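Chemist: A single structure is presented below for examination.
Protein chains: 2
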Amino acid sequence: MAVPLYQAKAEFFRTLGHPARIRVLELLQDGPMPVRDLLAAIDIEASSLSQQLAVLRRTNLVTATRGGNTVVYALSTPDVAELLLTARRILGEMIADQGQLLEELRVPSAKEVTA
Amino acid sequence: MAVPLYQAKAEFFRTLGHPARIRVLELLQDGPMPVRDLLAAIDIEASSLSQQLAVLRRTNLVTATRGGNTVVYALSTPDVAELLLTARRILGEMIADQGQLLEELRVPSAKEVTA
DNA sequence: TATGAATATGAAGAATTTTTCAACTCGTTG
DNA sequence: CAACGAGTTGAAAAATTCTTCATATTCATA
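Protein chains in written order, with the working numbering: chain A, 11 to 125; chain B, 11 to 125.
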């Protein structure tokens with residue numbers, strides 16, 4: 011079953027399209043981290059985190075290695091960090107533009123974006 | 011209702027996570043294009059394309075301007091093209107790695123990726 | 001103005017993805 | 001070896017997203 015490239019791309023982006031998964035990737039930018047720590051940082055049920063980690067593993071965005079009792083995750087390539095950076099920049103600009111627009115229109119936003 | 015940044019990011023990626031939407035963005039990289047042409051290029055029902063265009067509009071990734079009887083779409087910022095480029099590169103590398111792995115293992119892939 | 005072409009929208013059902021909960025695997029330690 | 005802690009997995013229910021189809025809009029033109 012051949013998968014056209016544009017569909018592969020869509021799948022790729024879709025795997026980035028989940029809050030927990032994004033957070034995991036961002037945490038891993040600073041280096042490998044055991045599940046325990048991810049769990050502490052993300053505030054989500056252990057089981058749910060595992061599921062999302064499984065998604066990231068399946069798509070080869072991260073790797074997991076078991077050390078004794080704990081499992082340590084890491085980005086499988088630093089490129090991911092770069093992609094996140096680009097996305098962050100674009101999002102920043104888009105939000106800035108919107109903010110500017112809102113400013114111009116003097117309309118209070120119903121849904122503000124914070125850090 | 012405040013939206014935390016990591017959630018905004020997830021939403022952003024999710025809107026890229028659909029084959030038709032990716033195709034639209036890629037087609038628009040070469041410049042603005044009327045719906046008619048998008049429709050001809052994408053092979054999807056007109057109504058369905060409209061829905062996806064609406065998603066892209068809502069997230070401000072594209073802009074639509076009506077000229078007489080036709081509506082022309084355009085990327086709202088060239089940054090989007092850059093993001094797609096980065097993603098394309100990463101995907102290429104990831105697929106290459108997988109291909110290499112498969113090669114090493116001499117295992118035929120069940121699901122090949124083509125252009 | 002009536003008709004037609006291009007595009008958009010609303011709503012219902014179909015399909016996918018998330019969440020949740022119980023059960024399970026692996027090492028560790030008592 | 002039994003009991004425990006760390007993670008993972010499977011399956012069903014809950015939530016979201018897609019497709020589809022009928023109906024609207026909007027402009028052009030007969």
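Every residue, glycine too, gets a C-beta built ideally from N, C-alpha and C. Because the structure is a prediction, the values reported are computed rather than measured.
1. For a contact meaning CB atoms closer than 7 Å, what does Asn79 (chain A) contact in chain B?
2. Mind checking if Thr73 (chain B) is an interface residue toward chain A, Cβ cutoff 8 Å exclusive?
3. Name, please, each residue of chain A whose Cβ falls closer than 7 Å to the Cβ of Pro29 (chain B).
4. I want to see whether chain A comes within less than 8 Å of Met43 (chain B), judged by CB atoms only; does it?
5. Pairing CB atoms from the region 94 to 104 of chain B with CB atoms from the region 84 to 100 of chain A, are three or more of them under 8 Å?
6. Looking only at C-alpha atoms, which of A:Thr73, A:Glu92, A:Thr96 sits nearest to Met140 (chain A)?
7. I'd like the span of the alpha helix (DSSP H) that includes Thr25 (chain B), first residue to last.
8. Between the region 22 to 31 of chain A and the region 18 to 30 of chain B, do at least 3 Cβ pairs fall closer than 8 Å?
9. Exposed or buried, what is Gln62 (chain B) when buried is set at 16 or more other beta-carbons lying within 10 Å of its beta-carbon?
10. Apart from the five residues just before and just after Thr133 (chain A), which ones in its own chain have a Cβ nearer than 8 Å to its Cβ?
11. Find the nearest neighbour of Asp127 (chain A) within the set B:Leu59, B:Gly78, B:Leu71, B:Ser60, judged by alpha-carbon distance.
12. Look up Pro44 (chain B) in the DSSP assignment and say whether it is helix, strand or coil.
13. Where DSSP assigns a beta bridge to Arg76 (chain B), which residues make up the other side?
14. What residue range does the alpha helix (DSSP H) around Glu36 (chain B) cover?
15. Is Val45 (chain B) near Tyr16 (chain B), with beta carbons less than 8 Å apart?
16. Looking at the C-beta of Gln90 (chain B), does it have a partner C-beta in chain A at a distance below 8 Å?
17. From Arg116 (chain A) to Gly77 (chain A), what distance separates their C-alpha atoms?
18. Cβ of Val123 (chain A) less than 8 Å from any chain B Cβ?
19. So, is Leu95 (chain A) buried or exposed, given that buried needs 16 or more other C-beta atoms within 10 angstroms?
20. If we count the other Cβ atoms within 10 Å of its Cβ and call it buried at 16 or more, is Val13 (chain B) buried or exposed?
21. Taking C-beta pairs closer than 8 Å, name the residues in chain A that Ala56 (chain B) reaches, listed in chain order.
22. Using a Cβ-Cβ cut-off of 7 Å (strictly less than) and excluding sequence neighbours within five positions of Leu31 (chain A), which residues of its own chain qualify?
23. Return the Cβ separation of Leu35 (chain B) and Leu48 (chain B) in integer angstroms, given the expectation that the two are a contact with Cβ distance under 8 Å.
Modeler: Per the coordinate set shown:
1. Here residue 79 (chain A) is taken as the residue at index 69 of the first sequence, counted from 1. Ordered by position in chain B, no residue passes the 7 Å Cβ test against Asn79 (chain A), which lies about 28 Å from the chain.
2. Stepping through the second sequence from its first residue, residue 73 (chain B) is reached at position 63. No, Thr73 (chain B) does not count as interfacial toward chain A.
3. In the second sequence, the residue the question calls residue 29 (chain B) occupies position 19. By Cβ distance, chain A contributes Tyr16, Gln17, Ala20.
4. By 1-based counting over the second sequence, the position of residue 43 (chain B) is 33. It does not; no Cβ of chain A falls within 8 Å.
5. yes
6. This structure cannot settle anything about residue 140 (chain A), because the visible part of chain A is limited to 11 through 125.
7. Working through the second sequence from its first residue, we reach residue 25 (chain B) at position 15. 15 to 26 is the span of the alpha helix (DSSP H), which, as asked, contains Thr25 (chain B).
8. Pairwise C-beta distances place the region 22 to 31 of chain A in contact with the region 18 to 30 of chain B, as three or more of them are shorter than 8 Å.
9. Here residue 62 (chain B) refers to the residue found at position 52 of the second sequence. With 16 or more Cβ atoms within 10 Å of its Cβ, Gln62 (chain B) is classed as buried.
10. Outside the modelled stretch of chain A, which goes from 11 to 125, sits residue 133 (chain A), for which no answer is possible.
11. Examination of residue 127 (chain A) is not possible in this model, given that chain A is present from 11 through 125 alone.
12. As a first step, residue 44 (chain B) must be located in the second sequence, where it is residue number 34. Strand, per DSSP.
13. Here residue 76 (chain B) refers to the residue found at position 66 of the second sequence. Note: Arg76 (chain B) sits in a beta bridge opposite B:Val81.
14. In the second sequence, counting from the first residue as 1, residue 36 (chain B) sits at position 26. From DSSP, the alpha helix (DSSP H) with Glu36 (chain B) extends over 29 to 38.
15. Counting from one through the second sequence, the residue named residue 45 (chain B) turns up at place 35. Counting from one through the second sequence, the residue named residue 16 (chain B) turns up at place 6. The criterion of a C-beta distance shorter than 8 Å is not satisfied by Val45 (chain B) and Tyr16 (chain B).
16. Position 80 of the second sequence holds residue 90 (chain B). Note that residue 90 (chain B) is Val in the sequence shown here, rather than Gln. Yes, Val90 (chain B) counts as interfacial toward chain A.
17. For the purposes of this step, residue 116 (chain A) is taken as residue 106 along the first sequence, with counting starting at 1. For the purposes of this step, residue 77 (chain A) is taken as residue 67 along the first sequence, with counting starting at 1. Residue confidence is low: Arg116 (chain A) scores 44 on pLDDT, short of 50, so the model does not pin down where it sits. No coordinate-derived value is stated.
18. In the first sequence, the residue the question calls residue 123 (chain A) occupies position 113. No answer about Val123 (chain A) holds up, because its pLDDT of 49 lies below 50 and its placement is not dependable.
19. Along the first sequence, read from residue 1 onward, the residue named residue 95 (chain A) stands at position 85. Under this definition Leu95 (chain A) is an exposed residue.
20. To locate residue 13 (chain B), count along the second sequence from 1; it is residue 3. Val13 (chain B) comes out exposed.
21. Sequence index remark: in the second sequence, residue 56 (chain B) carries index 46 (1-based). Within 8 Å Cβ-Cβ: nothing; Ala56 (chain B) doesn't reach chain A, min ~19 Å.
22. If you number the first sequence from 1, residue 31 (chain A) lands on position 21. Here residue 31 (chain A) is Arg; the residue named in the question, Leu, does not match the sequence. Counting only Cβ-Cβ distances below 7 Å, and skipping sequence neighbours, we find Thr25, Gln62, Val65, Leu66.
23. Locating residue 35 (chain B) in the second sequence gives position 25, counting from the first residue. Locating residue 48 (chain B) in the second sequence gives position 38, counting from the first residue. Actually they do not touch by this definition, with Cβ atoms about 11 Å apart.
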